[in-house]
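The structure under discussion appears below in the form of structure tokens.
In our numbering, the protein residues as written are 6 to 272.
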């Protein structure tokens with residue numbers, strides 16, 4: 006005789022068996038049409054991005070961007086309550102990929118390694134408060150900096166210590182802050198960029214040399230090529246002068262020999 010066993014499933018058990026983790030949202034936006042605070046803020050952002058790209062032109066293991074959305078959780082993506090930093094860099098990632106924004110779950114859980122916020126009077130409290138807290142607790146971004154392009158002495162920075170807490174960086178005698186993650190200094194530089202004279206936030210290498218923008222590097226190469234051409238022309242002129250001096254010495258010697266009754270050709 007066969008006996009059929011009936012297992013009753015409660016509604017709670019059925020729901021548990023059918024439950025699947027929520028999928029990340031797919032309706033992400035990457036352009037909210039909100040401009041930066043000012044034209045100077047836009048230039049300042051591009052200076053950092055383009056100079057780092059120039060410094061690491063031979064590398065494809067990093068990504069740098071700015072004024073882009075960073076999506077790090079489903080709730081944040083739904084609320085659209087976090088726009089993202091003005092400048093950021095992520096290391097040891099595929100730098101050849103085209104990205105409209107930084108989507109953490111599409112980057113193997115990677116967050117930016119360096120962030121710079123370009124402050125203004127309306128954002129300073131958030132940049133040094135709420136955003137700093139997010140970068141410390143959620144992003145675990147090792148190096149975070151803030152700078153107001155209209156306030157030359159406003160540069161501040163923090164580095165994540167072993168306890169995963171931000172510790173303020175101490176400026177050197179030049180007022181520069183060391184970015185350990187990039188192996189570069191962050192400091193100010195006064196000059197004109199894109200037609201606007203100002204004190205800009207720039208990168209410097211370990212030796213204190215300014216990290217150039219692509220157009221500055223091109224100008225430097227052109228100036229060096231011009232210098233080499235001028236040096237080559239000077240060497241050619243010097244060689245010509247030496248040849249002329251040798252010719253004159255030979256003529257004087259020949260004249261002296263003829264005065265002595267000696268045929269110069271026989272000597």
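The beta carbon of each residue, even a glycine, is placed where N, CA and C say it ideally should be.
None of these values were measured; they are calculated from a predicted model.
>> Does the contact criterion of 3 or more C-beta pairs under 8 Å hold for the segment 141 to 149 versus the segment 115 to 125?
In response: Because the criterion of three Cβ pairs below 8 Å is met, the segment 141 to 149 and the segment 115 to 125 touch.
>> What would DSSP say about residue 151, mapped onto helix, strand or coil?
In response: Translated into the one-based positions of the chain shown, residue 151 becomes position 146. Residue 151 falls in the strand class under three-state DSSP.
>> Let me confirm a value: residue 71 is counted as buried when at least 16 other C-beta atoms fall within 10 Å, else exposed. Which label applies?
In response: As a working note, residue 71 is residue 66 in the chain shown. Result: buried.
>> Taking a contact to mean a Cβ-Cβ separation below 8 Å, would you say residue 112 touches residue 98 in this structure?
In response: Stepping through the chain shown from its first residue, residue 112 is reached at position 107. Stepping through the chain shown from its first residue, residue 98 is reached at position 93. Contact flag set, yes.
> What residue does the beta strand (DSSP E) around residue 120 start on, and which one ends it?
Replying inline: The count along the chain shown starts at 1 and reaches residue 120 at position 115. Looking at the DSSP string, the run of the beta strand (DSSP E) that includes residue 120 is 119 to 123.
> Where do the ends of the beta strand (DSSP E) carrying residue 198 lie?
Replying inline: Here residue 198 is taken as the residue at index 193 of the chain shown, counted from 1. 189 to 198 is the extent of the beta strand (DSSP E) around residue 198.
>> Any contact between the segment 168 to 178 and the segment 215 to 225? By contact I mean 3 or more CB pairs, one from each, below 8 Å.
In response: no
>> Rounding to the nearest angstrom, what Cα-Cα distance links residue 273 and residue 59 in this structure?
In response: Past the edges of the chain, shown from 6 to 272, lies residue 273, and the structure says nothing about it.
> Quick one: is the Cβ of residue 63 within less than 7 Å of any heavy atom of the ligand PLP?
Replying inline: Ligands in the displayed structure: none, and consequently the ligand PLP is not present.
>> By the three-class DSSP mapping on this structure, what secondary structure does residue 144 have?
In response: By one-based count along the chain shown, residue 144 stands at place 139. It is helical.
> Which partner residues does residue 181 have in the DSSP bridge list?
Replying inline: The count along the chain shown starts at 1 and reaches residue 181 at position 176. Residue 181 is not bridged by DSSP to any residue.
> In whole angstroms, what is the alpha-carbon distance linking residue 128 and residue 195?
Replying inline: Position 123 of the chain shown, counting from 1, holds the residue named residue 128. Position 190 of the chain shown, counting from 1, holds the residue named residue 195. Just so you know, the alpha carbons of residue 128 and residue 195 end up roughly 24 Å apart.
> Going by beta carbon distance, what residues of the same chain come within less than 7 Å of residue 192, once the five residues before and after it are set aside?
Replying inline: Here residue 192 corresponds to residue number 187 of the chain shown, with the count starting at 1. So the qualifying residues of the chain are 179, 180, 181, 207, 209.
> Alpha carbon to alpha carbon, how far is residue 45 from residue 51?
Replying inline: In the chain shown, counting from the first residue as 1, residue 45 sits at position 40. In the chain shown, counting from the first residue as 1, residue 51 sits at position 46. Residue 45 and residue 51: Cα-Cα distance of roughly 10 Å.
> Under the rule that 16 or more other beta-carbon atoms within 10 Å means buried, what is residue 57, buried or exposed?
Replying inline: Against the chain shown, residue 57 aligns to sequence position 52. When all chains shown are included, residue 57 counts as buried.
> For residue 157, which three-state DSSP category applies?
Replying inline: For the purposes of this step, residue 157 is taken as residue 152 along the chain shown, with counting starting at 1. Correct three-state label for residue 157: coil.
> In this structure, does DSSP put residue 176 in helix, strand or coil?
Replying inline: Position 171 of the chain shown, counted from the start, is the residue given in the question as residue 176. Reduced to three states, the DSSP call for residue 176 is coil.
> Contact check, residue 67 vs residue 61 under 8 Å by CB: the rounded distance?
Replying inline: In the chain shown, residue 67 corresponds to position 62, counting from 1. In the chain shown, residue 61 corresponds to position 56, counting from 1. That belief holds up - the Cβ atoms of residue 67 and residue 61 are roughly 6 Å apart, short of 8 Å.
> For residue 186, which of 170, 148, 204, 197 has the nearest alpha-carbon?
Replying inline: Taking the first residue of the chain shown as position 1, residue 186 is located at position 181. Closest option to residue 186, Cα to Cα, is 148.
> If we count the other Cβ atoms within 10 Å of its Cβ and call it buried at 16 or more, is residue 132 buried or exposed?
Replying inline: Within the chain shown, residue 132 is the residue found at index 127, counting from 1. Looking at its Cβ environment, which holds 16 or more other Cβ atoms inside 10 Å, residue 132 is buried.
>> Please report the distance separating the alpha-carbon of residue 76 from that of residue 137.
In response: Here residue 76 refers to the residue found at position 71 when the chain shown is read from its first residue. Here residue 137 refers to the residue found at position 132 when the chain shown is read from its first residue. Using only the alpha carbons, I get a separation of about 16 Å.
> Would you report the Cα separation of residue 252 and residue 229, rounded to the nearest angstrom?
Replying inline: Stepping through the chain shown from its first residue, residue 252 is reached at position 247. Stepping through the chain shown from its first residue, residue 229 is reached at position 224. Residue 252 and residue 229: Cα-Cα distance of roughly 34 Å.
>> For residue 235, count the other beta carbons within 10 Å of its own beta carbon; 16 or more makes it buried, fewer makes it exposed. Which is it?
In response: Here residue 235 is taken as the residue at index 230 of the chain shown, counted from 1. Exposed: under 16 other Cβ atoms inside 10 Å.
> If we count the other Cβ atoms within 10 Å of its Cβ and call it buried at 16 or more, is residue 124 buried or exposed?
Replying inline: Position 119 of the chain shown, counted from the start, is the residue given in the question as residue 124. Residue burial is scored here from C-beta neighbours: residue 124 has at least 16 other C-beta atoms within 10 angstroms and is therefore classed as buried.
> Just checking my contact of residue 90 with residue 121 at CB under 8 Å: how many whole Å lie between their CB atoms?
Replying inline: By one-based count along the chain shown, residue 90 stands at place 85. By one-based count along the chain shown, residue 121 stands at place 116. Right, their Cβ atoms sit about 7 Å apart.
>> Distance check for residue 237 and residue 49, CA to CA, integer angstroms please.
In response: Here the question's residue 49 lines up with position 44 in the chain shown. Here the question's residue 237 lines up with position 232 in the chain shown. Put simply, the backbone Cα of residue 49 is about 39 Å away from that of residue 237.
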